[in-house]
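One structure below.
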């Protein structure tokens, strides 16, 4: 298939989890994928998987919290590939802790990656997209960015910021045909969900019935399908919106 044929796609935090799955899927759909992460071995393994299947990909070591890294990465991509058509701001970290037990160091570390990293991606990609005639930016937020949850003060604040930044940049760059949207998944079957289950003292299998009337947690493919859609020209009229991927979890209160 070729839903993103010949598009140049930059995905952060793509060595594992949702980012890795998105890289493989978009490459399979015809994109040239730039895999970035601080995890070099994991990122290179994703690229090897893509190229072994006949796709085109490159790995770049990249700490999203540092502006000089964004300047280096985006400069390289534009020099080699000419442009960036799609940015998936996926890199992020997760922390569950009672408010009184969190530290300023916790706050600064989480905000540096989840918020500053997203901001820098927007800053260093959106203007170039505008000059090239447009593009799509998909920012990975979370259901925690839309609702309050005990123990999630830091994480929820960071993901709420991703949501509002997405809307702000969407408004600023709409006339230049740069589309910006945020995705808000519930727990996805990755190491982050395993950490959440462990912290809650339950098994990963128990999370599904607790969080979704569908009775399961999300798989990476459930999120990647939406990333692919928003990256494609099929979503040409969609910008400035947030999309919840929670398996109907937001209905549980009304279901009683």
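In my numbering, the protein residues as written are 1 to 256.
Positions of the beta carbon are idealized from the N, C-alpha and C atoms, including for glycine.
Fair warning: this is a prediction, and the values are worked out from it, not measured in the lab.
| request: For the stretch 166-180 and the stretch 236-247, state whether three or more C-beta atom pairs, one from each stretch, are separated by less than 8 Å. | output: yes
| task | Tell me whether residue 71 sits in a helix, a strand or coil according to DSSP, three-state version. | result | The sequence position of residue 71 within the chain shown is 71, counting from 1. Helix, per DSSP.
| Expressed to the nearest angstrom, what Euclidean distance is found between the alpha-carbon atoms of residue 125 and residue 20? | The residue you call residue 125 lines up with position 125 of the chain shown. The residue you call residue 20 lines up with position 20 of the chain shown. When rounded, the distance between both Cα atoms is 20 Å.
| query | By how many angstroms is the C-alpha of residue 159 removed from the C-alpha of residue 136? | reply | The residue you call residue 136 lines up with position 136 of the chain shown. The residue you call residue 159 lines up with position 159 of the chain shown. Those two C-alpha atoms are separated by around 19 Å.
| request: Leaving out five residues on either side along the sequence, give the residues of the same chain with a beta carbon under 8 Å from the beta carbon of residue 256. | output: As a working note, residue 256 is residue 256 in the chain shown. Caution is warranted here: a pLDDT of 40 is assigned to residue 256, below 50, making its placement in the model unreliable, and the coordinate value is therefore given only provisionally. If we look at residue 256 and ignore the five residues flanking it on each side, it has no Cβ neighbours.
| message | Among 211, 130, 56, 43, whose alpha-carbon lies nearest the alpha-carbon of residue 193? | response | Counted from its first residue, the chain shown places residue 193 at position 193. Residue 193 has its Cα closest to that of 211, out of 211, 130, 56, 43.
| query | Expressed to the nearest angstrom, what Euclidean distance is found between the alpha-carbon atoms of residue 107 and residue 12? | reply | Here the question's residue 107 lines up with position 107 in the chain shown. Here the question's residue 12 lines up with position 12 in the chain shown. Between residue 107 and residue 12, the C-alpha separation is close to 21 Å.
| Distance, Cα to Cα, residue 205 vs residue 188? | Mapped onto the chain shown, residue 205 falls at position 205. Mapped onto the chain shown, residue 188 falls at position 188. Computed Cα separation, rounded: 12 Å.
| Rounded to the nearest angstrom, how far is the Cβ of residue 186 from that of residue 217, given a contact under 8 Å? | The residue given as residue 186 occupies position 186 in the chain shown. The residue given as residue 217 occupies position 217 in the chain shown. So it is a contact: roughly 7 Å between Cβ atoms.
| message | Can you give me the C-alpha to C-alpha distance between residue 47 and residue 177, rounded to a whole angstrom? | response | For the purposes of this step, residue 47 is taken as residue 47 along the chain shown, with counting starting at 1. For the purposes of this step, residue 177 is taken as residue 177 along the chain shown, with counting starting at 1. Straight across, the Cα-Cα distance linking residue 47 with residue 177 is about 30 Å.
| said: In whole angstroms, give me the CA-to-CA distance for residue 229 and residue 79. | reply: Translated into the one-based positions of the chain shown, residue 229 becomes position 229. Translated into the one-based positions of the chain shown, residue 79 becomes position 79. Cα to Cα, residue 229 sits roughly 27 Å from residue 79.
| message | Whole angstroms are fine: how far does the CA of residue 68 sit from the CA of residue 175? | response | Translated into the one-based positions of the chain shown, residue 175 becomes position 175. Translated into the one-based positions of the chain shown, residue 68 becomes position 68. Each residue's Cα considered, the two are about 28 Å apart.
| Using the beta-carbon count (16 or more within 10 Å), is residue 34 buried or exposed? | Against the chain shown, residue 34 aligns to sequence position 34. Residue 34 should be labelled buried.
| query | Where do the N-terminal and C-terminal ends of the alpha helix (DSSP H) with residue 92 fall, by residue? | reply | On the chain shown, residue 92 is found 92 positions in, with the first residue counted as 1. From DSSP, residue 92 is part of no alpha helix (DSSP H); its letter is neither H nor E.
| request: Entirely within the stretch 11-71 and at least 4 residues each: give me those alpha helix (DSSP H) ranges in chain order. | output: 17-28, 40-52
| query | Do residue 134 and residue 145 have their CB atoms nearer than 9 Å? | reply | The count along the chain shown starts at 1 and reaches residue 134 at position 134. The count along the chain shown starts at 1 and reaches residue 145 at position 145. No, the Cβ-Cβ distance between residue 134 and residue 145 is not below 9 Å.
| Between residue 132 and residue 111, what straight-line distance do the alpha-carbon atoms span, to the nearest angstrom? | Walking along the chain shown from the start, residue 132 turns up at place 132. Walking along the chain shown from the start, residue 111 turns up at place 111. Rounded to the nearest whole angstrom, the C-alpha separation of residue 132 and residue 111 is 30 Å.
| C-alpha gap between residue 63 and residue 117, whole angstroms | Along the chain shown, read from residue 1 onward, the residue named residue 63 stands at position 63. Along the chain shown, read from residue 1 onward, the residue named residue 117 stands at position 117. If I take the Cα positions, the gap works out to 8 Å.
| Residue nearest to residue 17 in terms of C-alpha spacing, selected from 233, 219, 180, 248 | If you number the chain shown from 1, residue 17 lands on position 17. Here the closest residue by C-alpha is 219.
| For residue 215 and residue 209, the rounded distance between their alpha carbons | Residue 209 sits at position 209 when you count from the first residue of the chain shown. Residue 215 sits at position 215 when you count from the first residue of the chain shown. Looking at the two C-alpha atoms, the distance is approximately 4 Å.
| Between 84, 109, 85, which lies nearest to residue 92 when the distance is taken from Cα to Cα? | Position 92 of the chain shown, counted from the first residue, corresponds to residue 92. Among 84, 109, 85, the Cα nearest to that of residue 92 belongs to 109.
| field | Nearest-angstrom Cβ-Cβ length linking residue 151 and residue 100, presumed shorter than 8 Å | value | If you number the chain shown from 1, residue 151 lands on position 151. If you number the chain shown from 1, residue 100 lands on position 100. No, residue 151 and residue 100 are not in contact; Cβ-Cβ is about 11 Å, not under 8 Å.
| Of the choices 236, 82, 70, whose alpha-carbon is the least far from that of residue 113? | Here residue 113 is taken as the residue at index 113 of the chain shown, counted from 1. Minimum Cα distance to residue 113 is reached at 70.
| query | At what residues does the beta strand (DSSP E) containing residue 243 begin and finish? | reply | For the purposes of this step, residue 243 is identified with residue 243 of the chain shown, where counting begins at 1. Segment 242-245, the beta strand (DSSP E) holding residue 243.
| request: Inspect the beta-carbon positions of residue 45 and residue 9 and report whether they are closer than 9 Å. | output: As a working mapping, residue 45 is identified with position 45 in the chain shown. As a working mapping, residue 9 is identified with position 9 in the chain shown. Not a contact, by the Cβ cut-off of 9 Å.
| request: Take the Cβ of residue 76 as the centre, count every other Cβ of all protein chains shown within 10 Å, and call the residue buried at 16 or more, exposed below. | output: The sequence position of residue 76 within the chain shown is 76, counting from 1. By the 10 Å Cβ count, residue 76 comes out exposed.
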